[in-house]
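For the sequence shown, the positions run -20 to -1, 1 to 692 when mature numbering (1 follows the signal peptide of the UniProt record, and there is no 0) is used.
Backbone N, C-alpha and C fix where the C-beta goes; we use that ideal spot for every residue, glycine too.
Just so we're clear, the structure is a prediction, and the values are computed from it rather than from any experiment.
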Amino acid sequence: MTKSILFALLSFIFIVSVNGELNHLQSWQTLWTISESATNRLSSLLDNQLTPVISSAKISSSCQQSLFKVINGIKQFDINYVRMYDSWGKLPSGLLFGSWTDLGSLDQCVSLEESQYCLLTASMPLPPKRSAEGLFRPLDKSSFNLTDPLSTYLYPHVHYFHNVNLTFGLCLPRQCSPLEMTTIVESWVHSKGLQMKVDVDLCQHRAKSGNPILFREYIALAIVTTVIGLNIIGTLFPSHPILGHFNLYLNWSKLFSTNNNENTRSYPFLECYKFFAMLYIVIGHVGWALNYGSFHSMFKVQASYNSFLGYSLLPGYLASEVYFLITGLELMTFFLNFNGQFTLYSAITFLVVRWARFFVLIGFNVCLYILIFSNHVRDLIGGPFWSHLYSASSIPDTCAERWYSHLFLYTHLFADPDNWNLCIMPDWFLQVDFVLAFLFLIVLWPLRKSYKRLSISLAIFFALLGPLLLGSIIYYKSTSPTWLPFNFVNQELAEYLAFIHSKPFTHMSPYFVGILLAFALQPKEPIISKQIHKRLMWLLWLVCNFIVFGYEVVTNYNLVSLPYAVDIIYASFSRLVWSIVYAWPMYCLHYRFVSDGLYRFTCAGFFKPMSRINLTLLFMNEIMLRLRNGTQNYVSNLTVFDILVNLSAPVVLFSYLFSIIISPMIDGPSISLVKSYFKRQEDYDDCMKKSSVNNNNNTVMSNGLVNGKKNN
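Quick look at the structure:
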């Protein structure tokens, strides 16, 4: 009761003092006096510290005069210049626990006409980088043998400066370039005896008259608007022979169809595989694309990743191999059960149709990237990290310059780790798939001539050729043998992504293991049927899992220094081993070696629509990740709850939501048009009503191709 009375009394006094008492004017006058005095001291400090540096720095006269104008404006308490300084980031609390970022006030800064917002990054000098630097790789004590209390305390984390910097928001005159401001900051830091590496970058401002609409934006907007318009018209006129394929309502109904209309040789459990593999990829991308410069308490990151959460992310780079395995399995299964002719014309048509399918999806997403990451969107929702590598970066410019290389599926085949110059990233998967389709035809051709054993031999050859090529390239290029997600983003990772991960030979093993699995699943009775053999296969499955997870844990957590020969062998054959991890459960599901409950779960109707949006989801996931990083206006707490609930869950949910919206608009019409072209002699209405028109990205084109050949 006493506390309640005291609270009420204090509340009353506060309300009266603000609204009713005359002495509130005196309080505000005192506040002004204190502010004026503090501003005078600040301006004197800035004048003494910065004026000599600005005067001697090699910068333009316009930049120099604008900086002097800011200092004088603060001295005279010009409110706009005071607000400019008020927008600066300050030294954050928790510096000794890894809280190294204060973003200041972007919104206040860009609201001032003559100002620009930039990020200042600074890091202490460290010994030269080793071949691998990461969260769990502290500096060698021989290279950091200081014994003072501060250095001793910081030693376990000081290597973070290889990747994370002290980061502060700056509000600067627009007349100064980032290079000029970097020169000034460097001069000031060096005058204090510190050899810190500093950089002023990621500058942005808001044009008073708005941003002009660029030619590329007109083109992208016209294409996106046309697609939306076609879907609206197609929905209103569903019986039109062309526009009817854009019937959004019908395409949505086909997307969410759970009817199993596949033939008896299909594998209804594959949708479950596709769903969980893609979910794993999405979650892995969410974790990998976190911008560590936007976190408080970075010293907690080791403990966060030294847990089940961290262990689960380690083989994330292998999740895409599931799709290559399934692609090989589905394509070969289809042709094993097809008894018609397959000519050179059929092969060419197969490749052209497959490319056209990817062409539409990539083209639409290039347009989305140009629009979503434009300066217009930045001015509406952009944050301090909008131009960061993990955010918008230079995507609109690159998309306008390099769109054709993505549409014709060769960008990633010639990627340069020193200058990626990429518009979008997820299409590497489609480019690899398209190249492997050529090799698939080589394996398929003897089968069409009734040389089944030759086809199997070729599949085995390519499955083993992939690891040999992979090991040779790793050795020749001296690249990292694996992804190493806990290592810092550096040249080593760039070389791995450019020379290894995005190349077709890396993914040959899973693709052709899938083809071999199709042959193994053909007999009505299982080849492996004896209990002892099944137990041996499960033992092999456990060993393969142990090899993959064991190696990833040892290397990522820097537990043991493995010989280079072991690294090469693992890198060469890890994808082949991982293929066994996924192929054996598929074999067991197909021949019902598992419980009925597990089989029914893997064949649940829920997985069918969720697996049909996977290609669209690849692109939506990257867009959502970049938007998350680019719009973040605050420094997050490095807690599991904050990462999962505030940063990760919205990205995953919105990635799926927009994929469900966009897939029927793009994938539905494109696949439907392909099917109707090859079934042009079939009744139009009957063809359009089949849910298989939008069912399977691999078999739909093959099925349409063969039907077209029959009709001819």
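According to DSSP, glycine 84 shares a beta bridge with no other residue. In this chain, the beta strand (DSSP E) harbouring tyrosine 97 covers 95 to 103.
Residue burial annotation: alanine 443 is buried, with at least 16 other C-beta atoms found within 10 angstroms of its C-beta. In this structure, arginine 154 sits near glutamate 94, with a CB-CB distance shorter than 7 Å. Here glutamine 155 carries a coil assignment [DSSP, helix/strand/coil].
Approximately 7 Å separates the beta-carbon atoms of leucine 100 and valine 178; this is inside 8 Å, confirming the contact. With 16 or more other Cβ atoms inside 10 Å of its own Cβ, glutamate 310 counts as buried. Comparing C-alpha distances from lysine 429 to each of Thr391, Phe318 and Tyr455 shows the shortest one belongs to Phe318. In summary, asparagine 211 is buried, with 16 or more beta-carbon neighbours lying within 10 Å of its beta-carbon over all protein chains present. Our two residues, lysine 254 and histidine 220, have alpha carbons roughly 34 Å apart in a direct line.
If you draw a 10 Å sphere on the C-beta of phenylalanine 195, you find fewer than 16 other C-beta atoms in it, and that means exposed. For secondary structure counted as the alpha helix (DSSP H) over 4 or more consecutive residues, the stretch 415 to 460 holds these complete runs in sequence order: 432 to 457.
Valine 412 counts as buried, since at least 16 other C-beta atoms from the protein chains shown sit within 10 angstroms of its C-beta.
Contact check for serine 639 against leucine 605 fails: the beta carbons are separated by 7 Å or more. In the three-state DSSP reduction, glutamine 184 falls in the strand class (E or B). One Cα belongs to leucine 119, the other to tyrosine 135, and the distance between them is close to 8 Å.
Arginine 592 and tyrosine 303 have their C-alpha atoms some 13 Å from each other.
Exposed is the label assigned to threonine 13, since fewer than 16 other Cβ atoms lie within 10 Å of its Cβ.
Remark: C-beta atoms of valine 528 and tryptophan 558 approach each other more closely than 7 Å.
When DSSP states are grouped into helix, strand and coil, aspartate 576 belongs to the helix group.
Secondary structure note for isoleucine 512: its alpha helix (DSSP H) is the uninterrupted segment 511 to 536.
Pairwise C-beta distances place the stretch 33 to 40 in contact with the stretch 162 to 171, as three or more of them are shorter than 8 Å.
Of the residues assessed, phenylalanine 353 falls on the buried side of the cut-off, its CB having 16 or more other CB atoms within 10 angstroms. Excluding its 5 nearest sequence neighbours in each direction, glutamate 301 has C-beta neighbours in its own chain below 6 Å: Pro490, Arg555 and Trp558, listed in chain order. Looking at the backbone, the Cα of serine 371 and that of tryptophan 268 are separated by about 13 Å. Secondary structure of glycine 290 (DSSP, three-state): helix. By the neighbour-count criterion, in which a residue is buried when 16 or more other Cβ atoms sit within 10 angstroms of its Cβ, proline 465 is buried.
In the DSSP annotation of this structure, the continuous segment of the alpha helix (DSSP H) that includes serine 554 starts and ends at 544 to 570. If you draw a straight line from the Cα of glutamate 505 to the Cα of leucine 424, it comes to about 24 Å.
When secondary structure is reduced to three states using DSSP, threonine 147 falls in the strand class. Assigned with DSSP and collapsed to three states, lysine 177 falls in strand. Histidine 481 counts as buried, since at least 16 other C-beta atoms from the protein chains shown sit within 10 angstroms of its C-beta. Rounded to the nearest whole angstrom, the CA to CA distance from proline 218 to threonine 535 is 57 Å. Exposure of lysine 172 is indicated by the presence of fewer than 16 other C-beta atoms within 10 angstroms of its C-beta. In the three-state reduction of the DSSP assignment, serine 367 falls in the coil class, being assigned neither a helical nor a strand state.
The alpha-carbon of asparagine 601 is positioned some 11 Å away from that of serine 628.
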